[in-house]
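2 protein chains.
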Amino acid sequence: MARTAAPGSRERILRTAGELFYRHGVRAVGMNQVIDAAGCGKNLLYRHFPSKDDLVAAYLRACRRERDRSSAQATAALADDPAARLRALVAEVAATATRPDFRGCAFRLYLAEFPGHEGEPARLARDYLRDTRAEIDELVARLDVADPGQLADRIWLIVEGLYASAARTDSGRTSAAATRLIDDLLAAALPG
Amino acid sequence: MARTAAPGSRERILRTAGELFYRHGVRAVGMNQVIDAAGCGKNLLYRHFPSKDDLVAAYLRACRRERDRSSAQATAALADDPAARLRALVAEVAATATRPDFRGCAFRLYLAEFPGHEGEPARLARDYLRDTRAEIDELVARLDVADPGQLADRIWLIVEGLYASAARTDSGRTSAAATRLIDDLLAAALPG
DNA sequence: GTCTATAAGGGGATAGAC
DNA sequence: GTCTATCCCCTTATAGAC
């Protein structure tokens, strides 16, 4: 399918749809709107994405790829230091949350829009949240702290709060508060 | 209008609509669905609520009333102790978040569903968030702490994280983490 | 008169056909 | 790319039951 079409058409449609989905919400954006914004024919879009759910799933997969890439880049130069990686993880979320077009976490926004849905988009969103939470758990488990479960719960709470709060209030202030709170929590929990 | 109608009809419709809106999302629930669930005629609903936005606004106003009532009840027997009131505020949110049908904060869910909307529902949602944030600011301002702004930011972050996280993960664990973290923050910030 | 039930208008949704 | 099919949305109007 994609081989016969213009090489960049799929990516262009997906990028256009993703921007609309993220800015206005998935439910608020219709397929016609995507077609108009992408400047393509209805045929081409439905050849690449047979249904809206397929398009939404591709959008969330692209978000995941970007987040994984961004996360890997943030921790690339770091030594194998769990505390530093935790700080970098939160700092990377804070950097994302201060981008001018930030409107929240795409996965959390999708789940808020489609509660109880069980399609592939919902699975992708839940997978991302589960994996991120697991990453925090694993990093905290490698720390020498008295109560790893509690520390992981607290860091997760802050990550969730950062995503939620920065979408609606001053994101710079929220991000600064989150990063400093994580620093304090780690400093208080770690020996020395 | 409501004076001539059966006395309980408006409240019954509103309660039915509210449950549907909260459980499935405002956009996902159509007026026909509300009418079917309430077992009323289309005429009656539109007489009480001339448009869906009016019904949604009434739903959010009911949420606000319930939250204000619940908040007042939680702090009624408390002395005029800002720290105790802050702890009670978070504990009350935690209690809400552990209810079995908890799916998130109705106001935050609405704003996630309707970004950029400027009608009365959006105003009600933003008013609630602004008032809650202001309440935290005022309580923290009355504490004898070195950096009230920072403490208020952190408490707000935890409240946001609690609402967001408890909707998707183990709410008991999330609530416990939030209340204990608030306790620790207050204990660390307060003298003595 | 108050309510229910039903039909219909005007629009936009996804999706498919040519 | 346009055109159509089908469905559901919000809303209004009409007709009938108690």
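Which chain is which? The protein sequence lines are A and B, in order. Numbered per the numbering used here, the first sequence spans residues 173 to 364. Numbered per the numbering used here, the second sequence spans residues 173 to 364. C-beta atoms are modelled at their ideal positions from N, C-alpha and C, and glycine is treated no differently.
{"Asked": "I need the straight-line Cα distance from aspartate 355 of chain B to valine 317 of chain B, nearest angstrom please.", "Found": "14 Å"}
{"Asked": "Counting only runs that start and end within the stretch 189-232 of chain B, where is the alpha helix (DSSP H) found for 4 or more residues in a row?", "Found": "203-210, 214-220"}
{"Asked": "Kindly list the residues whose CB is nearer than 8 Å to the CB of tyrosine 335 of chain B, restricted to its own chain and excluding five residues on each side of it in sequence; keep chain order.", "Found": "Val265, Ala269, Gly276, Cys277, Arg280"}
{"Asked": "Quick check on serine 337 of chain B - is its C-beta less than 8 Å from some C-beta in chain A?", "Found": "yes"}
{"Asked": "Apart from the five residues on each side of it in sequence, which residues of its chain come closer than 7 Å, Cβ to Cβ, to threonine 247 of chain A?", "Found": "Arg257, Ala260"}
{"Asked": "Roughly how many whole angstroms lie between the Cα atoms of alanine 284 of chain A and arginine 237 of chain B?", "Found": "23 Å"}
{"Asked": "So what does DSSP say about leucine 362 of chain B, is it helix, strand or coil?", "Found": "coil"}
{"Asked": "Between glycine 197 of chain A and proline 287 of chain B, how many whole angstroms is the CB-CB distance? I'm expecting something under 8 Å.", "Found": "6 Å"}
{"Asked": "Is the CB of proline 287 of chain B under 8 Å away from at least one CB in chain A?", "Found": "yes"}
{"Asked": "Taking the continuous alpha helix (DSSP H) assigned at arginine 298 of chain B, which residues delimit it?", "Found": "292-313"}
{"Asked": "With distance defined between alpha-carbon atoms, name the residue in A:Gly211, A:Phe274, A:Arg345, A:Val201 nearest to isoleucine 185 of chain A.", "Found": "A:Gly211"}
{"Asked": "Name the chain A residues whose beta carbon is nearer than 9 Å to that of threonine 346 of chain B?", "Found": "Asp325, Trp328, Leu329, Glu332"}
{"Asked": "Give the C-beta separation of leucine 329 of chain B and alanine 361 of chain A to the nearest angstrom, bearing in mind that I take them to be a contact with Cβ-Cβ under 8 Å.", "Found": "That belief does not hold up - the Cβ atoms of leucine 329 of chain B and alanine 361 of chain A are roughly 18 Å apart, past 8 Å."}
{"Asked": "By Cβ distance, which residues of its chain are closer than 7 Å to alanine 344 of chain A, with the 5 residues on each side in sequence left out?", "Found": "The residue you asked about is not alanine; residue 344 of chain A is glycine in the sequence shown. Excluding positions up to five away in sequence, the list reads Thr270."}
{"Asked": "Buried or exposed for glycine 213 of chain A, going by 16 or more other Cβ atoms inside 10 Å?", "Found": "exposed"}
{"Asked": "Would DSSP call leucine 334 of chain A helix, strand or coil?", "Found": "helix"}
{"Asked": "Taking only beta carbons into account, state which residues of the stretch 196-229 of chain B come closer than 9 Å to chain A, listed in chain order.", "Found": "His196, Gly197, Arg199, Ala200"}
{"Asked": "Can you find a CB in chain B that lies within less than 8 Å of the CB of glycine 190 of chain A?", "Found": "no"}
{"Asked": "Comparing the C-beta of leucine 232 of chain B with each C-beta of chain A, is any distance below 8 Å?", "Found": "no"}
{"Asked": "Who are the Cβ neighbours of alanine 178 of chain B in its own chain at under 7 Å, not counting the five residues just before and after it?", "Found": "none"}
{"Asked": "So what's threonine 351 of chain A in DSSP terms, helix, strand or just coil?", "Found": "helix"}
{"Asked": "Give the residues from the stretch 299-313 of chain B that approach chain A closer than 8 Å (Cβ to any Cβ), ordered along the chain.", "Found": "Leu301, Arg305"}
{"Asked": "Contact criterion: CB-CB distance below 8 Å. Does leucine 283 of chain A meet it with respect to chain B?", "Found": "yes"}
{"Asked": "Out of curiosity, what's the CA-to-CA distance linking proline 293 of chain B and arginine 219 of chain B?", "Found": "19 Å"}
{"Asked": "Are tyrosine 231 of chain A and phenylalanine 274 of chain A closer than 8 Å when you measure CB to CB?", "Found": "no"}
{"Asked": "Use the C-beta contact count for leucine 299 of chain B: other C-beta atoms within 10 angstroms, 16 or more gives buried, fewer gives exposed.", "Found": "Sequence inspection shows aspartate at residue 299 of chain B; the leucine mentioned does not correspond to that position. That one is exposed."}
{"Asked": "Taking only the alpha-carbon atoms, compute the straight-line gap between glycine 291 of chain B and alanine 209 of chain A and give it to the nearest angstrom.", "Found": "26 Å"}
{"Asked": "For alanine 306 of chain A, count neighbouring Cβ atoms within 10 angstroms of its own Cβ and tell me buried if that reaches 16, exposed if not.", "Found": "exposed"}
{"Asked": "For chain A, find out if any of its Cβ atoms is closer than 8 Å to the Cβ of glycine 291 of chain B; answer yes or no.", "Found": "no"}
{"Asked": "Residues of chain A with CB closer than 8 Å to the CB of leucine 353 of chain B, please, in chain order.", "Found": "Arg326, Leu329"}
{"Asked": "Excluding the five sequence neighbours on either side, which residues of its own chain have a C-beta within less than 6 Å of the C-beta of cysteine 235 of chain B, listed in chain order?", "Found": "Ala278"}
{"Asked": "So, is arginine 241 of chain A buried or exposed, given that buried needs 16 or more other C-beta atoms within 10 angstroms?", "Found": "exposed"}
{"Asked": "Nearest to aspartate 253 of chain B by CA position, among B:Val312, B:Arg352, B:Pro272, B:Arg340, is which residue?", "Found": "B:Val312"}
{"Asked": "Can valine 201 of chain B and threonine 188 of chain B be called in contact, C-beta distance under 8 Å?", "Found": "no"}
{"Asked": "Within 10 angstroms of the Cβ of aspartate 319 of chain A, are there 16 or more other Cβ atoms? Answer buried if so, exposed if not.", "Found": "exposed"}
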